[in-house]
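So this is what it looks like as structure tokens:
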């Protein structure tokens, strides 16, 4: 059950993290504060060891294959072709830019936080989506929100437009059909993923059947993980689940944690079944830690793609 709390005054979306801001300041004019915070987080990761590969012909050999009409003659390996008696082309690992499709959970539960000093799950999810988008665009890829008539974005100056486009994207249940993901598509899905399998699995399945490689980033508030409350508490569902009065919260803690872990393990198994990656992030942790881990996942080379 989702825990509710009174509305609290907002805090800086980047959690006050002391990160390099030079690149962000150059792009800050005309961008909303959250997009600028995302650029700061992206700057920190860009300066580290988790760079993403750029699209292009590449330098790492992948395989030989038969020559096909339309292949450039410079790609033919004449020495290998002479040895094998057929015309062979030398392929590299990178030959096309990818489109990374973005989706974030905008349900009511994402607007909750368990302490005045923390950001909401929604704020952290948007920050991470925009920061990941900035990294990907810097690497030469394009990003697009999952939704009807969604645009493609290739430059981080358009992070503000991307944020507005994410606001118009549909919820899980309304995922549109015929999105045309394309050959090299990957998807980044960010949310708390506390819905049942009957809601989440159809989204995973539709994307996987479209040939999309997915990355799941689960964002949770520490209070949802640890249930630190004591004594008598009233829990209010934020999405029509009703209310529950618990006289001794401490007596439920072990069972609650066990049920949450079972839910998350089922989510992980679903991801693995479709060949996807999954990461978890707590909103009391620095956003850079999540983006570093995510950049490491995105920079892997499934199917010989960065």
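In the numbering used here, the protein residues as written are 4 to 309.
Think of the CB as a built atom: it goes at the ideal place given N, C-alpha and C, for glycine as much as any other residue.
Own chain, CB closer than 6 Å to residue i, minus 5 neighbours either side, in chain order
{"i": "residue 115", "result": "none"}
{"i": "residue 91", "result": "67, 80, 83 and 84"}
{"i": "residue 106", "result": "149 and 192"}
{"i": "residue 156", "result": "146 and 165"}
{"i": "residue 35", "result": "163"}
{"i": "residue 117", "result": "224 and 226"}
{"i": "residue 29", "result": "For residue 29, the pLDDT reaches just 44, beneath the cut-off of 50, and the residue's location in the model is therefore unreliable, although a value from the coordinates is still provided. Nothing meets the Cβ criterion."}
Nearest neighbour of residue i, chosen from the options [CA to CA]
{"i": "residue 119", "options": "128, 296 and 286", "result": "286"}
{"i": "residue 197", "options": "205, 222, 185 and 159", "result": "222"}
{"i": "residue 236", "options": "254, 225, 224 and 228", "result": "254"}
{"i": "residue 234", "options": "132, 103 and 251", "result": "251"}
{"i": "residue 230", "options": "43, 263, 296 and 300", "result": "263"}
{"i": "residue 243", "options": "111, 205 and 126", "result": "111"}
{"i": "residue 277", "options": "204, 129, 117 and 37", "result": "204"}
{"i": "residue 240", "options": "113, 133 and 40", "result": "113"}
{"i": "residue 331", "options": "238, 195, 274 and 128", "result": "Any property of residue 331 remains undetermined from this structure, which presents the chain solely from 4 to 309."}
{"i": "residue 171", "options": "108, 145 and 185", "result": "108"}
{"i": "residue 132", "options": "220, 144, 75 and 206", "result": "220"}
{"i": "residue 184", "options": "257, 37, 212 and 135", "result": "212"}
{"i": "residue 44", "options": "134, 73, 102 and 274", "result": "134"}
{"i": "residue 89", "options": "70, 103 and 102", "result": "70"}
{"i": "residue 257", "options": "39, 270, 228 and 267", "result": "228"}
{"i": "residue 41", "options": "101, 86 and 136", "result": "136"}
{"i": "residue 144", "options": "238, 102 and 210", "result": "102"}
{"i": "residue 75", "options": "260, 86 and 93", "result": "93"}
{"i": "residue 265", "options": "288, 232, 200 and 104", "result": "200"}
{"i": "residue 2", "options": "73, 161 and 169", "result": "What is shown of the chain runs 4 to 309, which leaves residue 2 out entirely."}
{"i": "residue 207", "options": "261, 275, 154 and 268", "result": "275"}
{"i": "residue 259", "options": "154, 232 and 72", "result": "232"}
{"i": "residue 209", "options": "261, 269, 273 and 268", "result": "273"}
{"i": "residue 202", "options": "288, 86, 270 and 87", "result": "270"}
Chain-order list of residues whose beta-carbon lies under 8 Å from that of residue i (same chain, five-residue window excluded)
{"i": "residue 158", "result": "140"}
{"i": "residue 292", "result": "284"}
{"i": "residue 300", "result": "218, 280 and 282"}
{"i": "residue 37", "result": "16, 126, 129, 130, 133 and 166"}
According to DSSP, residues forming a beta bridge with residue i
{"i": "residue 280", "result": "218"}
{"i": "residue 194", "result": "221"}
{"i": "residue 248", "result": "237"}
{"i": "residue 209", "result": "DSSP output for residue 209 lists no bridge partner at all."}
{"i": "residue 275", "result": "In DSSP, residue 275 forms no bridge with anything."}
{"i": "residue 156", "result": "146"}
{"i": "residue 184", "result": "For residue 184, which the question treats as bridged, DSSP gives no partner whatsoever."}
{"i": "residue 79", "result": "92"}
{"i": "residue 68", "result": "92"}
{"i": "residue 189", "result": "103 and 216"}
Contact set for residue i: own chain, Cβ-Cβ below 7 Å, skip 5 residues either direction
{"i": "residue 154", "result": "147 and 168"}
### Task
Tell me, please, whether the region 188-197 touches the region 155-166 by the rule of three or more beta-carbon pairs shorter than 8 Å.
Touching, no, given that fewer than three Cβ pairs across the two stretches are closer than 8 Å.
### Message
Under 8 Å, with one C-beta from each stretch per pair, do the region 205-220 and the region 237-247 reach the 3-pair mark?
### Response
Contact between the region 205-220 and the region 237-247 is absent, because fewer than three Cβ pairs lie under 8 Å.
### Query
Quick one: any contact between the region 118-137 and the region 78-93, if contact means 3 or more CB pairs under 8 Å?
Taking a cut-off of 8 Å for Cβ pairs, the region 118-137 and the region 78-93 do not touch, as fewer than three such pairs fall below it.
### Message
Please give the ranges of any alpha helix (DSSP H) in the region 84-150, keeping only runs that are unbroken, at least 4 residues long and fully inside the region.
### Response
Whole alpha helix (DSSP H) segments, 4+ residues: 124-141.
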